[in-house]
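Peer 1: Letter 38 of the sequence shown, counting from 1, is numbered 38 in full-length UniProt numbering, and no numbers are missing.
This is the structure I have questions about; it appears just below.
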Amino acid sequence: MEQKEKKTKILIVDDDPVIRGLIKSIFMNSDFDINEADSGEMALEILPDIMPDIILLDIIMSGMDGFEVLKSIRSNDKLKYIRIILLSSKSDINERLKGYGLGTDDYMTKPFVGNELLAKVNVFAKLKHSEERNLSLTELVESEIKKRMEKEKYIQDQERLISMSDMIISIAHYWRQPLNALGITVQDIYDAYIHNELTEDYLKDSVEQSMRHITFMSNIIDSFQSIIDAENDNVSETIHIPALLREALISIKDMLALSNVQCTINGIDYLKYADVSTIDLITESEPAALRQIITKIVITVNHLIQNYQKTCADDNFQGLIKIKLYTTSDKIILQVQGNGIQLNDNEISHFFEPYYALGENRFSNEGLGLFFTKMLVEQHCNGELFIKKENNLSIFQLELPYSPPQSADNIID
1 MEQKEKKTKI LIVDDDPVIR GLIKSIFMNS DFDINEADSG EMALEILPDI MPDIILLDII
61 MSGMDGFEVL KSIRSNDKLK YIRIILLSSK SDINERLKGY GLGTDDYMTK PFVGNELLAK
121 VNVFAKLKHS EERNLSLTEL VESEIKKRME KEKYIQDQER LISMSDMIIS IAHYWRQPLN
181 ALGITVQDIY DAYIHNELTE DYLKDSVEQS MRHITFMSNI IDSFQSIIDA ENDNVSETIH
241 IPALLREALI SIKDMLALSN VQCTINGIDY LKYADVSTID LITESEPAAL RQIITKIVIT
301 VNHLIQNYQK TCADDNFQGL IKIKLYTTSD KIILQVQGNG IQLNDNEISH FFEPYYALGE
361 NRFSNEGLGL FFTKMLVEQH CNGELFIKKE NNLSIFQLEL PYSPPQSADN IID
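Pasting the structure below:
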C-alpha cells in the first residue's frame with residue numbers, strides 16, 4: 001500500500017494581517033498546514049518548532065526585513081531544505097537579483113493571482129517531498145522509533161494521573177497530620193499554663209509551629225478551591241490569547257520585577273507584545289481557568305530560575321523567561337522557558353504529581369498547584385500540559401485547540 005504523504009507546512013511571514021489572511025485563503029481548500037508570523041523576529045523565533053517546508057516571505061516589514069530573515073535562514077544548515085518564495089510590492093530587478101543572491105527559490109510581485117502562487121507552492125511541495133524520500137532509510141527508521149517512544153511515554157504519563165477520589169483521600173491524609181500536630185500543640189500550651197510553665201518563648205515557639213501547620217493546610221485548601229471554582233464557572237468563552245496572556249502576566253509583574261527576571265513573548269517585551277502583535281489567536285475556553293494556568297506556569301518557571309541563581313557561579317547571571325506563542329493547523333502552542341532550568345527525565349516524569357519535590361529543595365509542590373494546573377488544562381481547556389527537553393533546557397508546553405478563521409478571497413491586492 002502506498003504511504004500517505006504528510007501535509008506540506010507553509011509559514012506566511014508578513015506584518016500586515018490583511019495580507020496574511022488573504023494568502024491563507026488561497027490555500028483554504030488545499031491540503032496544507034498553514035502557520036503565520038507577524039514579523040521577521042517572530043518567524044526566526046518559532047522556526048525551529050514549526051520547521052516548515054515552504055516560507056512565503058514578505059520583503060518590506062518593520063523590524064527585520066525579508067532579506068535579513070532570508071540571510072539568517074540560509075546561514076543555518078539545518079534549514080537548508082526549506083523552500084523560500086519572496087513576496088514584494090516592487091517590481092525591481094535589483095531587488096529580485098539580491099533575493100536570488102541571498103538564496104531565495106522564487107520571487108513574486110504583488111498584486112498576483114492566487115492560483116499562480118498556489119501552482120508554485122504545489123511544485124515546490126513536490127520537490128520537497130521528493131528530497132525527503134531520498135533521505136537514508138536509517139534516518140527514517142530512527143525518526144519513527146523516536147516518535148513511538150514519545151507516544152508510549154505520553155501514555156505512561158497519562159496512566160499515572162491520580163483520579164479525583166484518590167486525590168481527595170490524599171488531601172485528607174495530609175490534613176490529618178497537621179491537625180493532629182495542632183491538637184498536641186494546643187494541649188501542651190494548656191498543660192504549661194496549668195503547671196505555671198507558660199513562658200513567652202514557649203508561647204512564641206508554639207504559635208510559630210501552629211502557623212506553619214495552618215499555612216500548609218491553607219495552601220492545600222487554596223489549590224483544591226481552584227478546581228471547585230472552575231467547576232462552578234464552567235462556561236467557555238471566545239478568548240483572544242495575546243490579550244489574556246498579557247492580563248495574566250500583568251497580574252504578576254511585581255513578582256517578576258522583584259525577582260529581577262526579564263520576560264519576552266516571541267522576542268518582544270511581554271508588556272508590549274499585546275499592543276504590537278497582529279496575530280489573531282482565538283480559542284474557545286474558560287478565561288478564569290486559562291488565566292490561572294498561564295500564571296501558575298510562569299510563577300513556577302520564575303521559582304526554578306531563582307533557585308538556579310542561588311547556585312549559579314556566574315555573578316552576572318540574568319534571569320530570563322522566554323515565551324513562544326504560535327499555531328499549527330489545529331493547536332495553539334504556548335511555550336515557557338527559563339534560562340538555567342535543567343530537569344532530568346525522572347524529575348520531568350514526576351513533576352506534575354501531588355507533593356512532588358525536587359532534590360536539594362529546588363522545587364516543592366506542597367500546595368498541589370501544578371497537579372491541579374494540569375487537571376485544569378485537561379478537564380476545562382481540552383488541552384495538554386507537559387515538559388519537554390531541548391538543548392538541555394526544560395520547556396513547559398501548553399497546547400490548546402485552535403480553529404483557524406476562514407476567508408473566501410483568493411486575490412492578493
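All C-beta atoms, glycine included, are put in the ideal place defined by N, C-alpha and C.
(1) Quick check: is the beta carbon of Met217 nearer than 8 Å to any beta carbon in chain B?
(2) Using a Cβ distance threshold of 8 Å, determine whether the region 332–343 contacts the region 388–407, with at least three qualifying pairs required.
(3) Quick one: what's got a C-beta closer than 7 Å to Pro52's C-beta in the same chain, skipping five residues either side?
(4) For Glu41, which residues in the same chain have their Cβ closer than 6 Å to its Cβ, ignoring the five residues on either side in sequence?
(5) In chain order, what are the residue ranges of uninterrupted beta strand (DSSP E) at least 3 long that sit wholly in the region 29–64?
(6) Count the other CB atoms, across all protein chains shown, that sit within 10 Å of the CB of His195; report buried if there are 16 or more and exposed otherwise.
(7) Using 10 angstroms around the beta-carbon of residue 415, count the other beta-carbons present and answer buried if the total reaches 16, otherwise exposed.
(8) Indicate whether the contact test is met: 3 or more Cβ pairs, each with one atom in the region 271–279 and one in the region 245–262, closer than 8 Å.
(9) How far does the alpha helix (DSSP H) with Gly319 in it extend, from its first residue to its last?
(10) Give the straight-line distance between the Cα atoms of Gln209 and Asp188, rounded to the nearest whole angstrom.
(11) Can you list, in chain order, the residues of its chain with a C-beta nearer than 6 Å to that of Ala181? Leave out the 5 residues immediately preceding and following it.
(12) From Asp14 to Thr264, what does the alpha carbon distance come to, in whole angstroms?
(13) Go ahead and label Tyr326 buried or exposed: buried means 16 or more other beta carbons lie within 10 angstroms of its beta carbon, across all protein chains shown.
(14) For a quick check, are the C-beta atoms of Pro287 and Glu237 less than 8 Å apart?
(15) Nearest CA to the CA of Thr295: which residue from Gly319, Cys312, Asp345 and Val377?
(16) Just to confirm the assignment, what range does the alpha helix (DSSP H) spanning Asp254 have?
(17) Report the three-state DSSP secondary structure of Gly338 (helix, strand or coil).
(18) Give the secondary structure of Leu404 by DSSP, where H, G and I count as helix, E and B as strand, and everything else as coil.
(19) For Phe372, which residues does DSSP report across the bridge?
(20) Return the first residue and the last residue of the alpha helix (DSSP H) that His303 is part of.
(21) State yes or no: is the C-beta of Leu57 within less than 8 Å of the C-beta of Leu86?
(22) For Ile348, which of helix, strand or coil comes out of DSSP?
(23) Here's the rule: buried if 16 or more other CB atoms are within 10 angstroms of the residue's CB, otherwise exposed. What is Asn115?
(24) Please name the residue, chosen from Ser88, Asn346 and Gly103, that lies closest to Pro111 on a Cα-to-Cα basis.
(25) Skipping 5 residues on each side, what residues in its chain have a beta carbon closer than 6 Å to that of Lys71?
(26) Apart from the five residues just before and just after His240, which ones in its own chain have a Cβ nearer than 8 Å to its Cβ?
(27) Under three-state DSSP, which class holds Thr199?
(28) In terms of alpha-carbon separation, which member of Val186, Glu197 and Thr215 lies closest to Ser206?
(29) With a CB to CB cut of under 7 Å and the five nearest residues on each side skipped, what residues in its chain are close to Ser251?
(30) Could you pull the DSSP bridge partners for Asp106 from this structure?
(31) Tell me whether Asp15 sits in a helix, a strand or coil according to DSSP, three-state version.
(32) In terms of residue numbering, what span does the beta strand (DSSP E) encompassing Leu385 cover?
(33) How close, in whole Å, do the beta carbons of Leu304 and Gln262 come, if the pair is a contact with beta carbons under 8 Å?
(34) Quick test of your reading: Ile84 and Ile73, contact by CB under 8 Å. State the CB separation rounded to the nearest angstrom.
(35) Inspect the beta-carbon positions of Lys7 and Asp31 and report whether they are closer than 8 Å.
(36) Find the nearest neighbour of Leu256 within the set Gln318, Asp201 and Val113, judged by alpha-carbon distance.
Peer 2: In brief:
(1) The chain inventory of the structure shown lacks chain B, comprising one protein chain alone.
(2) The region 332–343, when compared against the region 388–407, does touch it at the 8 Å Cβ threshold.
(3) To locate residue 52, count along the sequence shown from 1; it is residue 52. The answer, listed in chain order, is Lys9, Ile10, Leu11, Asn35 and Ile82.
(4) For the purposes of this step, residue 41 is taken as residue 41 along the sequence shown, with counting starting at 1. Taking C-beta separations shorter than 6 Å and ignoring five residues to either side along the sequence, the partners of Glu41 in its chain run Gly63, Met64 and Gly267, following chain order.
(5) Qualifying beta strand (DSSP E) stretches, in chain order: 32–37 and 54–58.
(6) The count along the sequence shown starts at 1 and reaches residue 195 at position 195. By the 10 Å Cβ count, His195 comes out exposed.
(7) Residue coverage of the chain in this structure runs from 1 to 413, which leaves residue 415 outside it and unanswerable.
(8) Three or more beta-carbon pairs separated by less than 8 Å link the region 271–279 to the region 245–262, which places the two stretches in contact.
(9) The sequence position of residue 319 within the sequence shown is 319, counting from 1. No alpha helix (DSSP H) holds Gly319; the beta strand (DSSP E) holding it covers Gly319 to Thr327.
(10) As a working mapping, residue 209 is identified with position 209 in the sequence shown. As a working mapping, residue 188 is identified with position 188 in the sequence shown. Asp188 has its alpha-carbon roughly 12 Å from the corresponding atom of Gln209.
(11) In the sequence shown, residue 181 corresponds to position 181, counting from 1. His213.
(12) Here the question's residue 14 lines up with position 14 in the sequence shown. Here the question's residue 264 lines up with position 264 in the sequence shown. Computed Cα separation, rounded: 21 Å.
(13) As a working note, residue 326 is residue 326 in the sequence shown. Buried, because 16 or more other Cβ atoms sit within 10 Å of the Cβ of Tyr326.
(14) Indexing the sequence shown from 1 puts residue 287 at position 287. Indexing the sequence shown from 1 puts residue 237 at position 237. Going by C-beta atoms, Pro287 is nearer than 8 Å to Glu237.
(15) Within the sequence shown, residue 295 is the residue found at index 295, counting from 1. Closest option to Thr295, Cα to Cα, is Val377.
(16) The residue you call residue 254 lines up with position 254 of the sequence shown. Element bounds for Asp254: Lys253 to Ser259.
(17) The sequence position of residue 338 within the sequence shown is 338, counting from 1. In the three-state scheme derived from DSSP, where H, G and I count as helix and E and B as strand, Gly338 is classed as strand.
(18) If you number the sequence shown from 1, residue 404 lands on position 404. Checking the sequence shown, residue 404 turns out to be Pro, not Leu. The three-state reading of DSSP puts Pro404 in coil, since its state is none of H, G, I, E or B.
(19) The sequence position of residue 372 within the sequence shown is 372, counting from 1. For Phe372, which the question treats as bridged, DSSP gives no partner whatsoever.
(20) Within the sequence shown, numbered from 1, the residue matching residue 303 stands at position 303. Segment Pro287 to Thr311, the alpha helix (DSSP H) holding His303.
(21) On the sequence shown, position 57 is the one that residue 57 refers to. On the sequence shown, position 86 is the one that residue 86 refers to. In this structure, Leu86 lies closer than 8 Å to Leu57 by Cβ.
(22) Numbered from its first residue, the sequence shown carries residue 348 at position 348. Helix, per DSSP.
(23) For this step, residue 115 is matched to residue 115 along the sequence shown. When all chains shown are included, Asn115 counts as exposed.
(24) If you number the sequence shown from 1, residue 111 lands on position 111. Nearest option by C-alpha distance: Ser88.
(25) Reading the sequence shown from its first residue, position 71 is the one you call residue 71. Contacts found: Leu102.
(26) Within the sequence shown, the letter at position 240 stands for residue 240. Leaving aside the five residues that flank His240 on each side, the residues in its chain whose CB is nearer than 8 Å to its CB run, in chain order, Asp280, Leu281 and Ile282.
(27) As a working note, residue 199 is residue 199 in the sequence shown. Note: Thr199 maps to coil in three-state DSSP.
(28) By 1-based counting over the sequence shown, the position of residue 206 is 206. Closest in C-alpha terms to Ser206, from the list Val186, Glu197 and Thr215, comes Val186.
(29) Within the sequence shown, the letter at position 251 stands for residue 251. Thr295.
(30) Here residue 106 refers to the residue found at position 106 when the sequence shown is read from its first residue. Looking at the DSSP assignment, Asp106 forms a beta bridge with Ile85.
(31) In the sequence shown, residue 15 corresponds to position 15, counting from 1. Looking at Asp15 - three-state DSSP - the assignment turns out to be coil, as it is neither helix nor strand.
(32) As a working note, residue 385 is residue 385 in the sequence shown. Unbroken beta strand (DSSP E) run through Leu385: Glu384 to Glu390.
(33) Residue numbering aside, residue 304 sits at position 304 when the sequence shown is read from its first letter. Residue numbering aside, residue 262 sits at position 262 when the sequence shown is read from its first letter. The C-beta separation of Leu304 from Gln262 comes to about 15 Å, leaving the pair out of contact by the 8 Å criterion.
(34) Mapped onto the sequence shown, residue 84 falls at position 84. Mapped onto the sequence shown, residue 73 falls at position 73. Ile84 to Ile73, Cβ: 7 Å. Contact.
(35) Reading the sequence shown from its first residue, position 7 is the one you call residue 7. Reading the sequence shown from its first residue, position 31 is the one you call residue 31. For Lys7 and Asp31, yes; Cβs fall inside 8 Å.
(36) Position 256 of the sequence shown, counted from the first residue, corresponds to residue 256. Answer by Cα proximity: Gln318.
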